[in-house]
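J.: Quick note on this note's numbering: the sequence shown kicks off at 151 and runs consecutively.
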Amino acid sequence: MKKLLLALVLFLGLLNAESDIKKAVFDLRTSDLTTFENRMIKGAAFNNAHYQTTFKELDIVVIVHGGAYKFFVKDISKTKCKEDKKLQAKAKEIHERLASLVKTYSVKFLMCGVGMKARNIAKENVLEFVEVIPSAMVGLIDAQNDGYAFVPID
151 MKKLLLALVL
161 FLGLLNAESD
171 IKKAVFDLRT
181 SDLTTFENRM
191 IKGAAFNNAH
201 YQTTFKELDI
211 VVIVHGGAYK
221 FFVKDISKTK
231 CKEDKKLQAK
241 AKEIHERLAS
251 LVKTYSVKFL
261 MCGVGMKARN
271 IAKENVLEFV
281 EVIPSAMVGL
291 IDAQNDGYAF
301 VPID
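(1) Express the C-alpha separation of F205 and A268 in angstroms, rounding to a whole number.
(2) Which residue marks the beginning of the beta strand (DSSP E) containing V212, and which one marks its end?
(3) Is D177 closer than 7 Å to P284 when the C-beta atoms are compared?
(4) As a quick exercise: from K253, Y255, A272 and S256, pick the residue whose alpha carbon is nearest that of C262.
(5) Classify V257 as helix, strand or coil using the three-state DSSP reduction.
(6) Just checking my contact of L277 with K224 at CB under 8 Å: how many whole Å lie between their CB atoms?
(7) Return the bridge partner residues of L178 from the DSSP annotation.
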């Protein structure tokens, strides 16, 4: 009887632990550097910190498409954004901050393969921690069907 009661308590504890994980899919389309820094980089860190103070976790998946590709390329000079001096000046810092989001908060970045092809962005020129997916639509559909809350960043 004690073993059954212990098993039941453990099972209920595991169920409760699952509910302590919040999930969000960021629909990242902005090409604006300020919006990107404030809503994506700072927003992901702030929201993760908030949930940690309430003993919850925040699982973030970011779907990269639209104008946001430029923030995830290693060498901007090999893209159509090569004239963006403001981005070139901040690229190294942005890449470090993105890598920190991956390392610190396990943020997952998924890039639309259709858009990469249309923009002639080679996989070799994409940051190492970015996963290429067939399309942004597929990523958004999958995440939302897996229970992720939709957060637009445009």
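Each residue gets a CB set at the ideal place from its N, CA and C atoms; glycine is no exception.
T.: Let me lay it out:
(1) Residue numbering aside, residue 268 sits at position 118 when the sequence shown is read from its first letter. Residue numbering aside, residue 205 sits at position 55 when the sequence shown is read from its first letter. Using only the alpha carbons, I get a separation of about 42 Å.
(2) Looking up residue 212 in the sequence shown gives position 62. Per DSSP, V212 belongs to the beta strand (DSSP E) from E207 to V214.
(3) Along the sequence shown, read from residue 1 onward, the residue named residue 284 stands at position 134. Along the sequence shown, read from residue 1 onward, the residue named residue 177 stands at position 27. For P284 and D177, no; Cβs fall outside 7 Å.
(4) In the sequence shown, residue 262 corresponds to position 112, counting from 1. Considering only alpha carbons, the answer is A272.
(5) Residue 257 sits at position 107 when you count from the first residue of the sequence shown. V257 falls in the coil class under three-state DSSP.
(6) What you label residue 277 is simply residue 127 of the sequence shown in a count that begins at 1. What you label residue 224 is simply residue 74 of the sequence shown in a count that begins at 1. That belief holds up - the Cβ atoms of L277 and K224 are roughly 6 Å apart, short of 8 Å.
(7) Within the sequence shown, numbered from 1, the residue matching residue 178 stands at position 28. Here L178 is bridged, per DSSP, to V214 and I303.
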